[in-house]
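Q: Under the working numbering, the very last position in the sequence shown is 282; numbers go up by exactly one each time. All residues carry an ideal CB built from backbone N, CA and C; glycine is no exception.
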Amino acid sequence: MGELTLKNVTYVYGAETPFEKAALHDVNVSFNSGVITGLIGHTGSGKSTLVQLLNGLLKPTSGNIYLNGCDIWENPKDITSVRYKVGLVMQYPEYQLFEETVRKDIAYGPTNMGLEPEEVEKRVRESAFFCGISEDLFDKSPFDLSGGQKRRVAIAGVMAMKPSVLILDEPAAGLDPIGREEILGGIRTFQKQTNTTVIIVSHSMEDMAVYCDEIVVMNKSEVYMKGPTAEIFAKADKLVEVGLDVPQITHLFKKMKDMGIDVPENVFTVEEARKVIVSLLN
Numbered sequence: 001m002g003e004l005t006l007k008n009v010t011y012v013y014g015a016e017t018p019f020e021k022a023a024l025h026d027v028n029v030s031f032n033s034g035v036i037t038g039l040i041g042h043t044g045s046g047k048s049t050l051v052q053l054l055n056g057l058l059k060p061t062s063g064n065i066y067l068n069g070c071d072i073w074e075n076p077k078d079i080t081s082v083r084y085k086v087g088l089v090m091q092y093p094e095y096q097l098f099e100e101t102v103r104k105d106i107a108y109g110p111t112n113m114g115l116e117p118e119e120v121e122k123r124v125r126e127s128a129f130f131c132g133i134s135e136d137l138f139d140k141s142p143f144d145l146s147g148g149q150k151r152r153v154a155i156a157g158v159m160a161m162k163p164s165v166l167i168l169d170e171p172a173a174g175l176d177p178i179g180r181e182e183i184l185g186g187i188r189t190f191q192k193q194t195n196t197t198v199i200i201v202s203h204s205m206e207d208m209a210v211y212c213d214e215i216v217v218m219n220k221s222e223v224y225m226k227g228p229t230a231e232i233f234a235k236a237d238k239l240v241e242v243g244l245d246v247p248q249i250t251h252l253f254k255k256m257k258d259m260g261i262d263v264p265e266n267v268f269t270v271e272e273a274r275k276v277i278v279s280l281l282n
């Protein structure tokens, strides 16, 4: 398990230049261990900077970041080991593939960690399973795969390092509904079976409602709200104020409520909606 905590974290691009801009300002937030947290916010709210700080790709201008109580920058020479513990899957990770075969690409991280070949192979198979990659693809070139398959390979490569925290930036962007469900469902299964802390960045409120246990909302370089998913989406007016939205099914049920139909307003997923409608019909 892994818990990440930011205390008074500020990050400034172009510090002490005419182009100085604060991407994050005095951020205090914890990402709780063993759950999936959704990170949402409009473009420019600070989400991308935040995830790069969590992984040690960026160093705070001021403030501290703690992994399980230890400052990740206490020993700057050891920051590579932090990146093994806090795995980051960037947006469109399929563009980061480079090995000759799927097996070698997934094995790249564990191999660099100095693990024995048997352990590397075990991790390759385990992570491939979670990502829905069949064994017959192992010896194929990743560049011969479909876009969705490439993304699964890239995600599996980070999972294979068995990080304490797995961060994914728009893991289902650009995929059709089936592809989105397969990838996000695989991540959910992985999290449940390994108890890994997972952070998902997404613009899809529907995905956040279905797959996340908690939500952190960013606005104007600060944390605007944090709480259980249902609690955050119940504050629809506050989300709209900062340029965000709630799932479409929630809009539908609110409209039904306005029409005088006796339905709850706090419905955030299609499955919840199905249960309510079936109950009404009965």
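Roughly how many whole angstroms lie between the Cα atoms of Glu-20 and Tyr-11?
A: Mapped onto the sequence shown, residue 20 falls at position 20. Mapped onto the sequence shown, residue 11 falls at position 11. Glu-20 and Tyr-11: Cα-Cα distance of roughly 10 Å.
Q: Where in the region 12-69 do unbroken runs of the beta strand (DSSP E), each at least 3 residues long, occur, reported from the N-terminal end onward?
A: Qualifying beta strand (DSSP E) stretches, in chain order: 21-31, 36-40 and 62-67.
Q: Can you give the Cα-Cα distance for Asp-262 and Gly-185, rounded to whole angstroms?
A: Within the sequence shown, the letter at position 262 stands for residue 262. Within the sequence shown, the letter at position 185 stands for residue 185. Each residue's Cα considered, the two are about 32 Å apart.
Q: Within its chain, find whatever has a CB closer than 7 Å to the CB of Gly-147; leave out the 5 residues flanking it on each side and keep chain order.
A: In the sequence shown, the residue the question calls residue 147 occupies position 147. Cβ within range, chain order: Glu-94.
Q: I'd like the span of the beta strand (DSSP E) that includes Gly-87, first residue to last.
A: Taking the first residue of the sequence shown as position 1, residue 87 is located at position 87. Segment 86-89, the beta strand (DSSP E) holding Gly-87.
Q: Kindly indicate which residue of Lys-220, Tyr-224 and Val-240 has the alpha-carbon position closest to the one of Asn-205.
A: Numbered from its first residue, the sequence shown carries residue 205 at position 205. A small fix is needed here, since residue 205 is Met in this sequence, not Asn. Closest option to Met-205, Cα to Cα, is Val-240.
Q: In angstroms with no decimal places, state the Cα-to-Cα distance between Ala-230 and Asn-266.
A: Counting from 1 along the sequence shown, the entry for residue 230 is found at position 230. Counting from 1 along the sequence shown, the entry for residue 266 is found at position 266. For Ala-230 and Asn-266, the distance between alpha carbons rounds to 7 Å.
Q: On the DSSP letters alone, give me the boundaries of the beta strand (DSSP E) that Ile-167 sits inside.
A: Taking the first residue of the sequence shown as 1, we reach residue 167 at position 167. First-last of the beta strand (DSSP E) with Ile-167: 165-169.
Q: Please report the distance separating the alpha-carbon of Gly-132 from that of Gly-179.
A: On the sequence shown, position 132 is the one that residue 132 refers to. On the sequence shown, position 179 is the one that residue 179 refers to. Using only the alpha carbons, I get a separation of about 11 Å.
Q: Based on the DSSP output, what are the partners of Val-198 in its beta bridges?
A: Residue 198 sits at position 198 when you count from the first residue of the sequence shown. DSSP lists Ile-36 and Leu-166 as partners of Val-198.
Q: Under the three-state reduction of DSSP, which class applies to Gly-227: helix, strand or coil?
A: The count along the sequence shown starts at 1 and reaches residue 227 at position 227. DSSP places Gly-227 in strand when its eight states are reduced to three.
Q: CA-CA distance, Gly-174 and Ile-79?
A: Residue mapping note: residue 174 aligns to position 174 of the sequence shown, counting from 1. Residue mapping note: residue 79 aligns to position 79 of the sequence shown, counting from 1. Distance between the alpha carbons of Gly-174 and Ile-79 is about 32 Å.
Q: Please classify Met-323 as buried or exposed, where buried requires at least 16 other C-beta atoms within 10 Å of its C-beta.
A: Outside the displayed span of the chain (1 to 282) sits residue 323, for which this structure offers no information.
Q: Within a Cβ cutoff of 8 Å, which residues of the same chain sit near Val-51, ignoring the five residues on either side of it in sequence?
A: The residue given as residue 51 occupies position 51 in the sequence shown. Correct list, in chain order: Leu-39, Leu-88, Ile-167, Asp-169, Ile-199 and Val-201.
Q: Answer yes if the region 127-146 comes into contact with the region 182-196, meaning at least three C-beta pairs across the two stretches below 8 Å, and no otherwise.
A: Enough Cβ pairs lie closer than 8 Å, so yes.
Q: By Cβ distance, which residues of its chain are closer than 8 Å to Gly-41, with the 5 residues on each side in sequence left out?
A: On the sequence shown, position 41 is the one that residue 41 refers to. Within the same chain, Gly-41 has close Cβ partners Lys-47, Val-217, Met-218, Asn-219, Tyr-224, Val-242 and Leu-244.
Q: Taking the beta strand (DSSP E) that Met-218 falls in, what are its first and last residues?
A: The residue labelled residue 218 in the question sits at position 218 within the sequence shown. Residues 214-219.
Q: Keeping to the same chain, check which residues put their C-beta closer than 7 Å to that of Ala-154; ignore five residues upstream and five downstream.
A: Looking up residue 154 in the sequence shown gives position 154. Val-89, Pro-93, Glu-94, Gln-96 and Leu-97, listed in sequence order.
Q: Find the nearest neighbour of Phe-253 within the set Asp-237, Lys-238 and Val-270, judged by alpha-carbon distance.
A: On the sequence shown, position 253 is the one that residue 253 refers to. Here the closest residue by C-alpha is Val-270.
Q: Going by DSSP, which residues form a beta bridge with Leu-6?
A: Mapped onto the sequence shown, residue 6 falls at position 6. Answer by DSSP bridge pairing, in chain order: Val-29 and Ile-65.
Q: Out of Gly-44, Gly-56, Glu-100 and Val-9, which one is the CA nearest neighbour of Lys-85?
A: As a working mapping, residue 85 is identified with position 85 in the sequence shown. Cα-wise, what sits closest to Lys-85 is Gly-56.
Q: Please find out if some non-hydrogen atom of the ligand FAD comes closer than 7 Å to the beta-carbon of Ala-236.
A: Judged by which ligands are present, the structure shown has none, so any question about the ligand FAD falls away.
Q: Using only alpha-carbon positions, find the residue among Ala-172, Asn-32, Ala-234 and Asp-207 that is nearest to Arg-151.
A: As a first step, residue 151 is located in the sequence shown; it is residue number 151 there, counting from the start. Checked all of Ala-172, Asn-32, Ala-234 and Asp-207; the closest Cα to Arg-151 is Ala-172.
Q: Could you say which of Ile-106, Met-161 and Lys-77 lies nearest to Met-113 if we only look at CA atoms?
A: As a position in the sequence shown, residue 113 is number 113, starting the count at 1. Of the candidates Ile-106, Met-161 and Lys-77, the one whose C-alpha sits nearest the C-alpha of Met-113 is Met-161.
Q: Considering only residues of the same chain and omitting the five flanking positions on each side of Pro-228, which have a CB-CB separation below 8 Å?
A: The count along the sequence shown starts at 1 and reaches residue 228 at position 228. These residues qualify, in order along the chain: Asp-213, Glu-214 and Ile-215.
Q: Exposed or buried, what is Thr-17 when buried is set at 16 or more other beta-carbons lying within 10 Å of its beta-carbon?
A: As a working mapping, residue 17 is identified with position 17 in the sequence shown. Exposed.
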